[in-house]
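Have a look at the structure below before the remarks.
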Amino acid sequence: MEAGAPVHPPVPMAMYPLLATVLLTVGIVAAALFFLYQVTTTRYSRKIAFEGLLGLSASVALGLGTLFLLLWGQQMQMQMQQVPGGQGAEQQAWRLGMQLLLRDLELWCTCDARKSSSGISAAQ
343 MEAGAPVHPP
353 VPMAMYPLLA
363 TVLLTVGIVA
373 AALFFLYQVT
383 TTRYSRKIAF
393 EGLLGLSASV
403 ALGLGTLFLL
413 LWGQQMQMQM
423 QQVPGGQGAE
433 QQAWRLGMQL
443 LLRDLELWCT
453 CDARKSSSGI
463 SAAQ
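Letter by letter, the sequence shown follows residues 343 to 466 of the working numbering.
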């Protein structure tokens, strides 16, 4: 490998969203099946091999799904930073939403403070 050669990921970056969604779904379903198996069978009729298979498949799928979810988030962050000016539409919408939320929270707090200082209880 040369010093300046680019590194290519073994999984195409376009597959990150699909892999994250599918693996997390499979992991949640396997974990739910494991839970149902534990709840519905008696202690004496359980099979250790089946429990191990369900537990292993759930943990591997959830682990890999989380990995691809984090990689997908990093990919989205890199794409947002490449927008000229660093202000993508998603970032602008996020900032506007946060500004509105903070404004509403500030109005609610000042209104609540006025009620408590005037002697009006919150139950009224």
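Here a beta-carbon is modelled for each residue, glycine too, at the ideal position from N, C-alpha and C.
| query | result |
| --- | --- |
| Quick check: the segment 379-388 against the segment 351-364, are at least 3 beta-carbon pairs closer than 8 Å? | no |
| Kindly indicate which three-state DSSP category Tyr-386 falls into: helix, strand or coil? | coil |
| Which term fits Leu-447, buried or exposed, when burial requires 16 or more other beta carbons within 10 angstroms of its beta carbon? | exposed |
| Helix, strand or coil for Gly-405 per DSSP? | helix |
| With distances taken Cα to Cα, identify the nearest neighbour of Trp-414 among Ile-390, Ser-401, Leu-361, Pro-352. | Leu-361 |
| Give me the Cβ distance between Ala-373 and Ala-391, rounded to the nearest whole Å; I'm assuming they're in contact under 8 Å. | At roughly 18 Å, the Cβ-Cβ gap does not stay under 8 Å, so Ala-373 and Ala-391 are not in contact. |
| Have a look at Ala-347 and Phe-410 and give me their C-alpha separation to the nearest angstrom. | 24 Å |
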